[in-house]
Each structure stands twice: as C-alpha cells, then as structure tokens.
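Everything on this sheet refers to the single structure shown next.
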Amino acid sequence: MKRLYTFINTALFCSFCAQAVMAETHSTCYKTRTGIIISKENNQIRALEPFTGLATGGTWYSNAINQYRDTLKHHVRIYSMIVPTSAGLYCPEEAKEWIRDEEPVINNMYQHLEKGVEIVDVYPVLKQHMDEDIYSRTDHHWSPLGAYYAAREFAQKAQVKVPNLNDFEERTIHNFVGSMYHYSKDIAVKNSPEKFIYYIPKDSNYVTTYVGHNMGKNRVVASLTAPFTGPFFIKYKDGSSSAYCTFMGGDLRTTHVKTDVRNGRKLMIIKDSYGNALPGYLFGSFEDIYVVDFRYFTKNIVNYVNDNQITDILFANNLQHAYAKSTTRGFERMLRQ
62 MKRLYTFINT ALFCSFCAQA VMAETHSTCY KTRTGIIISK ENNQIRALEP FTGLATGGTW
122 YSNAINQYRD TLKHHVRIYS MIVPTSAGLY CPEEAKEWIR DEEPVINNMY QHLEKGVEIV
182 DVYPVLKQHM DEDIYSRTDH HWSPLGAYYA AREFAQKAQV KVPNLNDFEE RTIHNFVGSM
242 YHYSKDIAVK NSPEKFIYYI PKDSNYVTTY VGHNMGKNRV VASLTAPFTG PFFIKYKDGS
302 SSAYCTFMGG DLRTTHVKTD VRNGRKLMII KDSYGNALPG YLFGSFEDIY VVDFRYFTKN
362 IVNYVNDNQI TDILFANNLQ HAYAKSTTRG FERMLRQ
C-alpha cells in the first residue's frame, strides 16, 4: 500500500511537472484574442503584429509608385523603401503558422517597380543587425536605431553622406511601453517596459516649420494651421507611451526642415509613421527636407514638388501599410487632388 501511495504521488508530481513545462512552452509564444503574437525571449516580452499578405500581392503599391515616375518624369529621383515589420524578423519558429514570410512579398513589390524607381532594400541590413535593438518590443514601430541603418542605405543610394552614429547625441526615455499594450490588451506587455533611445544631430543648424492638420469626423482633415516653427525633436518624460512621437510630434503635420547644407538637393519623404524616424539623420545631407504623410496631405503633390523644387522623393512605408490598398489610394489621391 505504501508503494502504491508513493507511485501515485510520483505520477502526480510528474504530471504536474509536465503541465508546468507545457505552460512554460505556451507562455513563450502565444496569440492574444486581438491577434497579436506575444513571444518571450531572454526573459523579455516582444509583441508582434502578424502580416498575412500573399507573396504575389502588393503590385498595386508598385503601380502607384510607377505613376509618380511617369508623372514627374526624370527631373526628380524617386526611391522606394519598404520596411519589414518586427514580425518579419523576430517571429519565433513556433509562431510561423500565424504569419506570412515578408521578404518574398517585399521582393515581389520591388520587382514590379519601373526601371526609373530606385530601390532602397533595407531588409538585408536590418537582418544583419537583428541582435541589436532595431525594433521596439512593446510598440509596432522600428526603433530609431533601425531607422538609422535604413537612412544609411538610402544615403548610399542617393549619393549623400550620413554621419556615424557616434556623431549624434544619444538620449533615452526610460520605462517606455508602446502601442502594443493597447493592441494586445496583454498585461505581460505592460510589465515589460523598455528604453526608447533616439539620436539628435550634433553641430547641425536647421529650422523646422510645420503646418498642422486639424482633424474632423472620420479622421478627415478639416482645416490647416498657419505655418509655425518648432522643435523637430519633442521631449517626452520617462514612462510616456508616446515616445515615438519624439519625431515631429507625430503624423498630423506637414514638415519642412531647412538645413545649412548647400548642395542643391531637396528631399521629400512620403511616409507613414515609420518614416518619422528617418529625417533627423539626413539634416547634413540635403538643403531642405519635406515630410508628407499620405493619409493627411491635402495639396496636389505635383504642384508641391514643382513649387518647392524637389529633387528627390523617398517613399518610406512599413510593409503593412505598403501592402494595404488604402495606401495606394492615398498615393493616387495626392496626384489628382
């Protein structure tokens, strides 16, 4: 009887251990009710937004960029930068069934661009630096460090210079928990804060002018503000969930940065929020930098390009946005509005 009791206890203990291992395995990678993938790596949580587009899709994005090439002819250099999401680089093997591989989709979109559109393929350089903090763990954006590596790739293609990272002033916002807590509703994300580290150019003289967009119903622009000057880098306190708005205060502005560079080059960045982190690395590369969000820009883009003598246009979008047909409609709307 004693042996039977010992056997039962041992069996129960082994069963408990097995359940604990299963629970631990499950907790390292799971999907929330809102569809966000949560993975645990090195005792830190990373939240990932699944991409589910087809490898043969996204050609509508390419066609829209080609329209800009055809409309603006060859007096403006046009570049396309499609940025993978964090899921495209950091999705664990056990969660691959919930996503689609991003690199073939990006390559397909690039392959459908006309010859006159210059490709800024940042996937390889980001993959090369995966062991660094190039994406936020708790936010859907890349980090300023990831944007720096992408800016260097663009600068090489555009034949301009970007300073070394140690030529920038490093600043840190501590205890940052970004948008993925809101999207996932998972307390594990909230309990895994991170540092938001960004970089300010040293010894660079520039003036930033904004036109604000006042939003009406259904997030449609109702009116514009008069132009006003302000800082490009907005200060946020430790613990702020809005740390990514450090750049220009977010998306609801059209931005013009006048630098002290004199090389005849004027850049326009047509972007989603991923593009917000790029301009600060290019203040020593172009005379003027114009930053336009395709969701809120209200002017005719061709007239704007001509009026401001733009020489270079960079389309900088993350894959989720680049693949979305609403983005294509936004690009096309700017050509005709």
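In the working numbering, the protein residues as written are 62 to 398. Beta carbons are placed, not taken as given, at the ideal position from N, Cα and C, and that holds for glycine. Since the structure is predicted, the reported quantities are computational estimates derived from the model, not experimental observations.
Where residue i sits in the DSSP three-state scheme
i           : result
residue 337 : helix
residue 351 : strand
residue 332 : strand
residue 86  : Note that residue 86 scores 39 on pLDDT, short of 50, meaning its location in the model is unreliable and no value can be drawn from it.
residue 180 : strand
residue 289 : strand
residue 390 : helix
residue 296 : coil
residue 134 : coil
Residue environment, residue i, which counts as buried when at least 16 other CB atoms sit within 10 Å
i           : result
residue 219 : buried
residue 158 : exposed
First through last residue of the beta strand (DSSP E) which encompasses residue i
i           : result
residue 53  : With the chain covering only 62 through 398, there is no way to say anything about residue 53.
residue 375 : 373 to 379
residue 282 : 282 to 285
residue 139 : 138 to 144
Residue i, enclosing alpha helix (DSSP H) - first and last residue
i           : result
residue 314 : From DSSP, residue 314 is part of no alpha helix (DSSP H) but of the beta strand (DSSP E) over 314 to 320.
residue 165 : 163 to 172
residue 156 : Careful: residue 156 lies outside any alpha helix (DSSP H) and carries neither H nor E.
Backbone CA spacing between residue i and residue j [nearest angstrom]
i           : j           : result
residue 260 : residue 115 : 36 Å
residue 214 : residue 131 : 25 Å
residue 349 : residue 182 : 24 Å
residue 371 : residue 153 : 42 Å
residue 354 : residue 94  : 31 Å
residue 295 : residue 304 : 9 Å
residue 338 : residue 166 : 23 Å
residue 359 : residue 245 : 33 Å
residue 386 : residue 121 : 7 Å
residue 230 : residue 312 : 24 Å
residue 243 : residue 128 : 37 Å
residue 273 : residue 343 : 22 Å
- Message: Restricting to runs no shorter than 3 residues, where is the beta strand (DSSP E) found entirely within the stretch 97 to 124?
- Response: 98 to 102 and 105 to 109
- Taking only runs that begin and end inside the stretch 196 to 275, name each unbroken alpha helix (DSSP H) of 4 or more residues, in chain order. 205 to 219, 240 to 245 and 248 to 251
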